[in-house]
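Visitor: Could you have a look at this structure, given as C-alpha cells, before my questions?
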Amino acid sequence: MGLGGAAFPTHVKLTIPQGKVAEYLLINGAECEPYLTCDHRLMVEKSEEIMVGITIIMKALGVKKAFIGIENNKPDAIKQLTSLTQKYSNIEVVPLKKKYPQGAEKQLIKAITGREVPSGKLPIEVGCVVQNVATAKAIYDAVQKNKPLIERVVTITGPNLSNPSNFLTRIGVPINHLIELAGGLPEDTAKIISGGPMMGKALPNTEIPLTKGMGGILLLPEKLSKRIEPYPCIRCGRCAHACPMGLEPFYLEKLIIKERWEEAEKHWIMDCMECGSCQYTCPAKRPLLDYIRLGKNKVSAIIRSRKN
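Under the numbering used here, the first residue of the sequence shown carries the number 1387, and numbering increases by one thereafter.
Below, the structure written as C-alpha cells:
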C-alpha cells in the first residue's frame, strides 16, 4: 500500500494496463499540506535509500527517467537529493513553486511534465506513474532488506504542542502513545485530525491506531477548529476560482442539497480531489467540502450499481 494520503495500493500502480506505456516515474516530495513534515525529514535523512527505491520502481515499470518533485520551501531536501543525482543520472530533482495543492497527483504531473490527465482518467493515460517518497523508501526496505511494511514516519504536531516531532513508529500503535511522546495532549485541544488541516479528517478519540496512510496527527485548539455559522451563498465565485480542477463548488453544493446526483456527476463531481480550497476561501463559510464528499459517496454508489 502506498504511503501517500490516499493510501492507493502500490501494486496497482506498478501493474501497467495492456496497451499503455509508462514513460516517466514521478516521485512526490511536495508535501504541500501545512504542518506536515514527515516526507521532508525522510528526504533529508534517508535520501540514499529513497534513490535506490526509485531505481527499483523504475526497473519494475521499465521506465528510463524519473523526477522527484519537491516544493522550494525545502532547500535542504532539494540539495541533499540533487547531490545524489550524480550517481543516479536518470533521476532528476525538480524544485516546484510553493503552492497548494502542488502535491496532488494531477497537479504534480502538470507542473513537472506539462501533461494534463484527462477527466476521469489515471496518470498512466499520459505515460506517468506517481509514487510518494515514503513509498519509495518502503520499496527499498522490502527489496533490499526483506522488510515488510510494518512502520512509517508520522508527524505529531499542533500550534500548542510542547514538542512537535516526527516519529518512526510501528503501524497499529495507538496515537495517544505518540502524542505523549510529543509532550502530551494540550488542554485546549478541540479537534484531533488525521492528516493536515486542509484534507485531513477528524478523529473521534486518541485510541485510534496508526494506519499506513496516516502521515500526520494534528491537534488544533478551539479558536482554529471552531466552525463559524455559514451564511447563504453570495455567488462570488471565489470557490470556483480557487478550485485546481476547474469545478464550480457552489453549484455542486446546490445540486447535492437537492439530491440531484446524476446532474452532479455530469458536472464532474468525481474529479474533485477534496483539497478543501473551496471551503477555505468561501467568505460565507459554506461547508462545501462536506457536501461534495457526501455527493461523491452517493455518485460512487450509483456508478457501482450500473456495473452490477
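Note that beta-carbon positions come from the ideal geometry of N, C-alpha and C, so glycine has one too.
Small disclaimer: the values here were computed from a predicted structure and weren't measured.
(1) Please report the residue range of the alpha helix (DSSP H) in which V1398 lies.
(2) Look at the alpha carbon of Q1488 and the alpha carbon of C1619, and state the distance between them as a whole number of angstroms.
(3) How is S1580 classed by DSSP in three states: helix, strand or coil?
(4) Between which two residues does the alpha helix (DSSP H) holding Y1677 run?
(5) From the DSSP output, read off the bridge partner residues of L1606.
(6) Go through its chain and collect everything with a Cβ distance to G1439's Cβ below 7 Å, but skip five positions before and after it.
(7) Which residue or residues does DSSP assign as beta-bridge partners of N1552?
(8) Since G1415 and V1519 should fall inside the 8 Å C-beta cutoff, what is the C-beta to C-beta distance between them, to a whole number of angstroms?
(9) Using alpha carbons as the reference points, say which of L1535, Y1421, G1569 lies closest to T1597.
(10) Quick one: grab the DSSP three-state call for K1451.
(11) With a threshold of 8 Å, are at least 3 pairs of Cβ atoms found where one atom belongs to the region 1666-1675 and the other to the region 1623-1639?
(12) Between the region 1466-1483 and the region 1431-1451, do at least 3 Cβ pairs fall closer than 8 Å?
(13) Who does G1658 pair with in a DSSP beta bridge?
(14) Determine the closest residue to M1444 out of L1411, N1458, Q1472, with distance taken between C-alpha atoms.
(15) Reducing DSSP to helix, strand and coil, say where N1562 ends up.
(16) Where does the unbroken beta strand (DSSP E) through Y1526 begin, and where does it stop?
(17) Taking the alpha-carbon positions, what's the L1571 to V1685 distance?
(18) Is there at least one Cβ from chain D nearer than 8 Å to V1512's Cβ?
(19) What did DSSP end up calling K1598 once you bin it into helix, strand or coil?
(20) Taking only the alpha-carbon atoms, compute the straight-line gap between S1691 and V1515 and give it to the nearest angstrom.
(21) Below 8 Å on the Cβ atoms is my contact criterion, and I expect E1491 with P1504 to pass it. Report the Cβ-Cβ distance as a whole number of Å.
(22) Which value, in whole angstroms, describes the spacing of the CA atoms of E1593 and I1561?
(23) With DSSP collapsed to three states, give me the class of I1456.
(24) Which of the three DSSP states is assigned to K1481 in this structure?
(25) Excluding the 5 residues preceding and the 5 following G1581 in the sequence, name in chain order all residues of the same chain whose CB lies nearer than 8 Å to its CB.
(26) How close, in whole Å, do the beta carbons of G1455 and L1494 come, if the pair is a contact with beta carbons under 8 Å?
(27) Would I1678 pass as a contact of P1635 if the rule is Cβ separation under 8 Å?
(28) Is it true that the CB of I1402 sits closer than 8 Å to the CB of V1529?
(29) Considering Cα atoms alone, identify which of E1409, A1446, L1428, V1430 is closest to V1398.
(30) Confirm the yes/no value for this check: CB of E1502, any heavy atom of the ligand COA, distance under 7 Å.
Guide: Looking at the atomic coordinates:
(1) Counting along the chain, the alpha helix (DSSP H) containing V1398 begins and ends at 1396-1400.
(2) In this structure, the straight-line span from the alpha carbon of Q1488 to that of C1619 is close to 28 Å.
(3) In the three-state reduction of the DSSP assignment, S1580 falls in the strand class.
(4) Unbroken alpha helix (DSSP H) run through Y1677: 1674-1693.
(5) Residue pairing for L1606: DSSP places it in a beta bridge opposite K1577.
(6) Once the five neighbours on either side are set aside, the close Cβ partners of G1439 are A1522, K1523, I1525, Y1526.
(7) DSSP lists T1541 as partners of N1552.
(8) With a Cβ gap of about 5 Å, G1415 and V1519 count as contacting.
(9) Of the candidates L1535, Y1421, G1569, the one whose C-alpha sits nearest the C-alpha of T1597 is L1535.
(10) Of the three classes helix, strand and coil, the one that applies to K1451 here is strand, per DSSP.
(11) In this structure the region 1666-1675 lies against the region 1623-1639, because at least three pairs of beta carbons, one per stretch, are closer than 8 Å.
(12) With a cut-off of 8 Å, the region 1431-1451 and the region 1466-1483 count as touching, because enough Cβ pairs lie within range.
(13) The amino acid occupying residue 1658 in the given sequence is Cys; Gly does not appear at that position. In the DSSP output, where bridge partners are listed per residue, C1658 has none listed.
(14) Comparing alpha carbon positions, the residue from L1411, N1458, Q1472 closest to M1444 is L1411.
(15) Looking at N1562 - three-state DSSP - the assignment turns out to be helix.
(16) Per DSSP, Y1526 belongs to no beta strand (DSSP E); it is in the alpha helix (DSSP H), 1519-1530.
(17) Cα-Cα distance, rounded: 38 Å.
(18) Annotation note: the requested chain D is absent from the structure, which comprises a single protein chain.
(19) K1598 falls in the coil class under three-state DSSP.
(20) Counting only the Cα atoms, V1515 lies some 29 Å from S1691.
(21) About 13 Å; that fails the 8 Å criterion.
(22) Within the model, the alpha-carbon separation for E1593 versus I1561 is close to 6 Å.
(23) In this structure, I1456 counts as strand in the three-state DSSP scheme.
(24) For clarity, residue 1481 is Pro in the given sequence; the question names Lys instead. In the structure shown, the three-state DSSP call for P1481 is strand.
(25) Here G1581 has G1391, E1419, L1422, K1587, M1600, G1601, G1602, L1604 as same chain residues with Cβ atoms under 8 Å from its own Cβ, once five neighbours each way along the sequence are excluded.
(26) Beta-carbon to beta-carbon, G1455 and L1494 are separated by about 5 Å, close enough to satisfy the 8 Å threshold.
(27) P1635 sits close to I1678, with the two beta carbons spaced by under 8 Å.
(28) Taking 8 Å as the Cβ cut-off, V1529 and I1402 do not qualify as a contacting pair.
(29) The shortest CA-to-CA distance from V1398 to any of E1409, A1446, L1428, V1430 is the one to A1446.
(30) The ligand COA is not part of the structure shown, which contains no ligands of any sort.
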